[in-house]
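Undergrad: Here you go, one structure.
In the working numbering, the protein residues as written are 1 to 188.
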């Protein structure tokens with residue numbers, strides 16, 4: 001089994017990051033969203049690469065990738081203050097994304113990535129974080145729970161092509177975030 005390496009994201013990771021995100025979205029959301037959602041994301045690759053390069057230079061941004069043999073197989077990122085107004089008002093950091101190539105699921109990469117992002121966010125002051133996922137995405141919800149997330153009662157809706165998709169939120173105590181131990185952190 002090849003070793004998973006966790007490191008900070010860099011600008012040169014932009015294309016691999018965006019393409020992996022699109023691929024994982026198709027895999028994890030394929031039964032939830034219509035095909036048009038994925039086609040739109042495929043058309044927006046260059047625009048998303050540009051936004052990615054801008055985002056990684058924002059103050060407080062925490063982004064990490066998981067690699068195997070120098071190939072990106074997962075990523076996670078977060079910010080010290082949530083984009084969701086409900087949680088922003090309460091001072092929550094936000095774990096914005098954790099995506100892993102399905103071929104590498106159940107090897108600890110997702111938890112290791114989430115841990116590194118949350119550890120970095122904690123250094124910036126927040127003591128709690130929130131992450132959002134689609135209510136119908138059972139795999140993502142299970143991953144949130146396994147990483148120590150607690151389901152919050154608050155729900156919102158994500159609107160895509162005029163249709164509402166219910167979302168749920170998981171809350172994390174940044175001092176208690178769980179991690180896998182079988183990875184190597186190269187970001188120090």
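Ideal Cβ positions, reconstructed from N, Cα and C, are used throughout, including at glycine.
#1: Whole angstroms is fine: what's the gap from residue 159's alpha carbon to residue 130's?
#2: If we ignore side chains and look at the alpha-carbon of each, how far apart do residue 64 and residue 9 end up?
#3: Helix, strand or coil: how does DSSP classify residue 58 here?
#4: Between residue 176 and residue 149, is the Cβ-Cβ spacing less than 8 Å?
#5: Helix, strand or coil for residue 3, going by three-state DSSP, please let me know.
#6: Following the continuous beta strand (DSSP E) through residue 150, name the residue where it begins and the one where it ends.
#7: Is residue 140 helix, strand or coil by DSSP?
#8: Hey, could you find the ends of the beta strand (DSSP E) residue 74 is sitting in?
#9: Which residue's Cα is closest to the Cα of residue 169: 163, 115 and 156?
#10: For residue 30, which three-state DSSP category applies?
TA: On the basis of the supplied data:
#1: 20 Å
#2: 5 Å
#3: coil
#4: no
#5: coil
#6: 150-160
#7: helix
#8: 71-79
#9: 156
#10: coil
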